[in-house]
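*Asks:* Here the sequence shown is numbered in this note's numbering, starting from 3 and rising by one per residue.
I'd like to ask some things about the structure below.
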Amino acid sequence: MKRFEEYKDAVNKALLPALHSAGPMPEKLEESMAYSLSAGGKRLRPVLLLASCEAAGGDPEEAMAFACALEMIHTYSLIHDDLPALDNDELRRGKPTNHMVFGEAGAILAGDGLLNTAAEVMARAASGMNDLRGTKAMACIMRHAGVSGMIGGQSLDVASENQEPDEELLTYIHLHKTADLLEAAVEAGLILAGAEPELVEAGRQFACHYGLAFQMTDDLLDVDGDAALMGKNTGMDAEQHKMTWVALKGVEKTREDAEREIRLACEALDRLPWELSIHRELAGSLLDRKY
Ligand code: GRG
Numbered sequence: 003m004k005r006f007e008e009y010k011d012a013v014n015k016a017l018l019p020a021l022h023s024a025g026p027m028p029e030k031l032e033e034s035m036a037y038s039l040s041a042g043g044k045r046l047r048p049v050l051l052l053a054s055c056e057a058a059g060g061d062p063e064e065a066m067a068f069a070c071a072l073e074m075i076h077t078y079s080l081i082h083d084d085l086p087a088l089d090n091d092e093l094r095r096g097k098p099t100n101h102m103v104f105g106e107a108g109a110i111l112a113g114d115g116l117l118n119t120a121a122e123v124m125a126r127a128a129s130g131m132n133d134l135r136g137t138k139a140m141a142c143i144m145r146h147a148g149v150s151g152m153i154g155g156q157s158l159d160v161a162s163e164n165q166e167p168d169e170e171l172l173t174y175i176h177l178h179k180t181a182d183l184l185e186a187a188v189e190a191g192l193i194l195a196g197a198e199p200e201l202v203e204a205g206r207q208f209a210c211h212y213g214l215a216f217q218m219t220d221d222l223l224d225v226d227g228d229a230a231l232m233g234k235n236t237g238m239d240a241e242q243h244k245m246t247w248v249a250l251k252g253v254e255k256t257r258e259d260a261e262r263e264i265r266l267a268c269e270a271l272d273r274l275p276w277e278l279s280i281h282r283e284l285a286g287s288l289l290d291r292k293y
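Right, dumping it as structure tokens:
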């Protein structure tokens, strides 16, 4: 069983070649996409995809195109989220945000380019497979990233600024803005391994609870995290009157709710027949997260 860092290194090596597989492109566009893609980042989603696939008996090399595509989608969402029209952030992954370096038009196009390249990379990989696993994995990733998934969550997140905290609405936002791409990672990895649908569903449930706990700890870090360690400014949620779990419940209750979601995530792992130690460690260390 590989460690998190081994998968992460493999992803870091594969990302730029996957980007360049889209063919010749204008230099500035390539530079701005590569800037954000190479800017660091924990690589949680691609590692979860590869680790899920390999633990369930799949081939991580075959899954790499999908892992890179998922990280491209995640990176595009961060670039667009940082734009002045959305969160207006100047720092991300310890570096100036994409629009601070390449301008707003450059950042919008870098996001568009990453999203499109992700689809190209997955479609090419899927068309080279002699069964439907690749097509199903791509459909799963695009659905979770789409309007009923991450984009839908982001849309209500934007609309909820300056509104009174509301648990149902906030749960919807966190389920989609944050948990959806984590669900995509685990589900796509298991689909590529050819896992049975009920096991893919148990994997999704793990990622859903993990995603909710992840966002709760993200909200806690925005209140009491170390901006230098996190590589982004803190205190932004309060400044922008964002609806967050901490604004809704306070710090103590947010920690308790995160503990509950972590427990539910681990219970979902117990329903799977494989040793998923990376998943268990990620969930178990969430409350100690520093970035
Ligand atoms: C613009 C369509 C669109 C969506 C944006 C990702 C996102 C949706 C917004 C970013 C802000 C935010 C708090 C999102 C929730 C998910 C999250 C905590 C993302 C950060 O993920 P990490 O911590 O980041 O895995 P790194 O940099 O480590 O990859």
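Idealized CB from N, CA, C, for every residue including glycine.
With DSSP run on the structure shown, which of helix, strand or coil describes arginine 331?
*Replies:* The structure shown does not extend to residue 331, since the chain is modelled only from 3 through 293, so no value can be given for it.
*Asks:* Taking serine 279 as the reference, give the member of Asp89, Leu50, Asp228, Asp168 with the closest Cα.
*Replies:* Comparing Cα-Cα distances from serine 279 to each of Asp89, Leu50, Asp228, Asp168, the minimum goes to Leu50.
*Asks:* If you follow the alpha helix (DSSP H) that lysine 15 is part of, which residue opens it and which one closes it?
*Replies:* Unbroken alpha helix (DSSP H) run through lysine 15: 6-22.
*Asks:* If you reduce the DSSP assignment to three classes, tell me which class arginine 282 lands in.
*Replies:* DSSP places arginine 282 in helix when its eight states are reduced to three.
*Asks:* Span of the alpha helix (DSSP H) holding tyrosine 293?
*Replies:* Where tyrosine 293 is concerned, there is no enclosing alpha helix (DSSP H), given that its DSSP letter is neither H nor E.
*Asks:* Less than 8 Å between the CB atoms is what I'm expecting for leucine 214 and threonine 256, so what's the real figure, rounded?
*Replies:* Between threonine 256 and leucine 214 the Cβ distance is about 11 Å, and since that is not below 8 Å, they are no contact.
*Asks:* By a C-beta neighbour count over all protein chains shown, 10 Å radius and 16 as the cutoff for buried, is serine 150 buried or exposed?
*Replies:* Per the 10 Å Cβ criterion, exposed.
*Asks:* May I ask you to report which of helix, strand or coil DSSP gives leucine 271?
*Replies:* Helix.
*Asks:* Counting Cβ pairs, one atom from each stretch, are 3 or more of them under 8 Å apart for the segment 192-202 and the segment 215-235?
*Replies:* No contact exists between the segment 192-202 and the segment 215-235.
*Asks:* For lysine 244, which residues from the same chain have a beta carbon less than 7 Å from its beta carbon, with the 5 sequence-adjacent residues on both sides left out?
*Replies:* Cβ neighbours of lysine 244 beyond the five flanking positions: Glu163.
*Asks:* Whose CA, out of Ala267, Asn14, Ser287, lies closest to the CA of valine 188?
*Replies:* Ranking Ala267, Asn14, Ser287 by Cα distance to valine 188 puts Ala267 first.
*Asks:* Looking at glutamine 156 and the ligand GRG, is the gap between the Cβ and the nearest heavy atom below 6 Å?
*Replies:* Checking every heavy atom of the ligand GRG against the Cβ of glutamine 156, one is found closer than 6 Å.
*Asks:* Who are the near neighbours of glycine 43 in its chain, counting only those whose CB is closer than 6 Å to its CB and skipping five residues on each side?
*Replies:* Arg95.
*Asks:* If distances are taken between C-alpha atoms only, which option among Pro86, Val253, Glu63, Asp89 comes closest to methionine 131?
*Replies:* Nearest C-alpha to methionine 131: Glu63.
*Asks:* For the ligand GRG, is there a heavy atom less than 6 Å away from the beta-carbon of glycine 43?
*Replies:* Yes - the ligand GRG has a heavy atom lying nearer than 6 Å to the Cβ of glycine 43.
*Asks:* Heavy atom of the ligand GRG less than 6 Å from the Cβ of serine 79, yes or no?
*Replies:* Indeed, a heavy atom of the ligand GRG lies less than 6 Å from the Cβ.
*Asks:* Taking just the CA atoms, how far does arginine 273 sit from leucine 111?
*Replies:* Whole-angstrom Cα-Cα distance: 42 Å.
*Asks:* If distances are taken between C-alpha atoms only, which option among Gly115, Ala127, Thr99, Leu46 comes closest to alanine 65?
*Replies:* Comparing Cα-Cα distances from alanine 65 to each of Gly115, Ala127, Thr99, Leu46, the minimum goes to Ala127.
*Asks:* Would the C-beta of isoleucine 75 count as close to the ligand FAD, meaning under 6 Å from any of its heavy atoms?
*Replies:* For the ligand FAD, the structure offers nothing, since it holds only the ligand GRG.
*Asks:* Using the Cβ count rule (16 or more neighbours within 10 Å means buried), how would you classify asparagine 100?
*Replies:* Classification of asparagine 100: buried, given that the 10 Å Cβ count is 16 or more.
*Asks:* Taking 6 Å as the cut-off, is the C-beta of arginine 126 nearer than that to any heavy atom in the ligand GRG?
*Replies:* False, no ligand heavy atom lies under 6 Å from that Cβ.
*Asks:* Are there 16 or more other CB atoms within 10 angstroms of the CB of glutamine 242, so buried, or fewer, so exposed?
*Replies:* Exposed, by the Cβ-count rule.
*Asks:* May I ask which residues mark the beginning and end of the alpha helix (DSSP H) holding glutamine 207?
*Replies:* Unbroken alpha helix (DSSP H) run through glutamine 207: 199-226.
*Asks:* Beta carbon of leucine 158, beta carbon of isoleucine 175: below 7 Å?
*Replies:* Result yes, Cβ atoms of leucine 158 and isoleucine 175 sit closer than 7 Å.
*Asks:* Following a CB-centred definition, is leucine 134 positioned closer than 6 Å to any heavy atom of the ligand GRG?
*Replies:* No; taking the cut-off as 6 Å, the Cβ of leucine 134 has no heavy atom of the ligand GRG nearer than that.
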